[in-house]
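Enquirer:
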Amino acid sequence: MEIKPFETKNLVFIDTEFSDLDPYSGEVLSIGMVKLNGEELYIEIKHDGNSSEWVQKHILGTLTDMKFTREQAIEQVQNFLGESMPFAVAFVDNYDVVYLTKLFGVGNLPFRWMSVDFASILFATGINPVKFQHDSVGAKKFYKDLGIDLKKYKHHHALDDARLLREVWLKLFISK
459 MEIKPFETKN LVFIDTEFSD LDPYSGEVLS IGMVKLNGEE LYIEIKHDGN
509 SSEWVQKHIL GTLTDMKFTR EQAIEQVQNF LGESMPFAVA FVDNYDVVYL
559 TKLFGVGNLP FRWMSVDFAS ILFATGINPV KFQHDSVGAK KFYKDLGIDL
609 KKYKHHHALD DARLLREVWL KLFISK
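In my numbering, each residue's number is its place in the sequence shown (first place is 1) plus 458.
1. Label Gly507 either buried or exposed according to how many other C-beta atoms from any shown protein chain fall within 10 Å of its C-beta, with 16 as the threshold for buried.
2. Measuring only the C-alpha atoms, how far is Met543 from Arg570?
3. May I have a chain-ordered list of the beta strand (DSSP E) segments no shorter than 3 residues that lie completely inside the segment 524-561?
4. Under 7 Å Cβ to Cβ from Thr559, same chain only, skipping five residues before and after it: list those, please.
5. Would you say Lys597 and Thr474 are within 8 Å of each other, going by their C-beta atoms?
6. Indicate whether Leu561 and Ser510 have their beta-carbon atoms separated by less than 8 Å.
7. Are the CB atoms of Val588 and Ala546 within a distance shorter than 8 Å?
8. So, using beta-carbon positions, are Ala577 and Phe590 closer together than 8 Å?
9. Here's a check: name, in chain order, each residue in its chain whose Cβ is nearer than 6 Å to the Cβ of Asp523, leaving out the five neighbours to either side.
10. With the cut-off set at 8 Å, would you say Tyr601 and Pro481 are in Cβ contact?
11. Which two residues bound the contiguous alpha helix (DSSP H) that contains Leu604?
12. Buried or exposed: Asp603, going by 16 or more other Cβ atoms within 10 Å of its Cβ?
13. Measure the alpha-carbon distance for Leu608 versus Tyr500 and round it to whole angstroms.
14. Which of the three DSSP states is assigned to Asp575 in this structure?
15. Between which two residues does the alpha helix (DSSP H) harbouring Leu695 extend?
16. Glu498 bridges to which residues according to DSSP?
17. Under a three-way DSSP split, which group does Leu518 fall into?
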């Protein structure tokens with residue numbers, strides 16, 4: 459049985475960085491979105507609250523762009539996606555979509571509420587989803603086999619992670 463995506467045009471690849479893994483206390487810090495056609499959006503959001511130690515060490519120093527208010531971020535994303543209501547593809551959507559739902563409010567996401575969990579797709583096609591992570595055992599071989607140069611991407615950067623997700627999607631499903 460060949461696996462083919464249900465939707466092949468109206469997709470947006472998303473990634474977020476957030477202040478804590480706990481969605482009750484964490485907030486979204488940055489949003490990266492890449493449409494299938496390559497159009498991109500990257501937003502960093504003002505955050506004065508607490509961040510986990512891991513985020514302080516690995517994420518905060520990489521957030522060097524202009525900061526948007528939450529309201530401005532919502533407007534930027536809505537303008538970027540328009541009325542198309544794409545399917546959002548995230549590596550592990552249970553974090554990205556939760557944090558975006560916190561930002562936009564329940565029922566107000568600018569993409570379809572039923573997002574695409576790419577880790578589950580990898581798992582279902584026989585690929586260990588842990589290998590998708592840059593620093594995991596087997597990641598170098600996984601990306602090399604796909605012809606992807608990881609040096610082009612900063613790990614744990616929302617836009618680069620969304621770009622990488624799109625590139626893997628294209629290699630697995632479009633370029634066959």
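Just so you know, even glycine gets a beta-carbon here, dropped at the ideal spot from N, CA and C.
Expert: Inspection of the coordinates gives the following:
1. Its Cβ having fewer than 16 others within 10 Å, Gly507 is exposed.
2. The straight-line gap from Cα to Cα measures roughly 6 Å.
3. You should have 545-548.
4. Excluding residues within five positions, the ones whose Cβ falls inside 7 Å are Leu567.
5. In the sequence as displayed, the identity of residue 597 is Ala instead of Lys. It is not a contact, given that the beta carbons lie outside the stated cut-off.
6. Not closer than 8 Å, so no.
7. In this structure, Val588 does not lie closer than 8 Å to Ala546 by Cβ.
8. Between Ala577 and Phe590, the gap from beta carbon to beta carbon is short of 8 Å.
9. By the criterion of a C-beta distance shorter than 6 Å, Asp523 is surrounded in its chain by Glu502, once the five residues flanking it on both sides are discounted.
10. No, Cβ-Cβ distance for Tyr601 and Pro481 is not below 8 Å.
11. Where Leu604 is concerned, the enclosing alpha helix (DSSP H) stretches over 597-604.
12. Its Cβ having fewer than 16 others within 10 Å, Asp603 is exposed.
13. The C-alpha of Tyr500 is placed about 19 Å away from the C-alpha of Leu608.
14. Asp575: strand per DSSP, three-state reduction.
15. Not covered by the structure: residue 695. The range shown for the chain is 459 to 634.
16. DSSP lists Val492 as partners of Glu498.
17. In the structure shown, Leu518 sits in a helix (DSSP, three-state: H, G or I).
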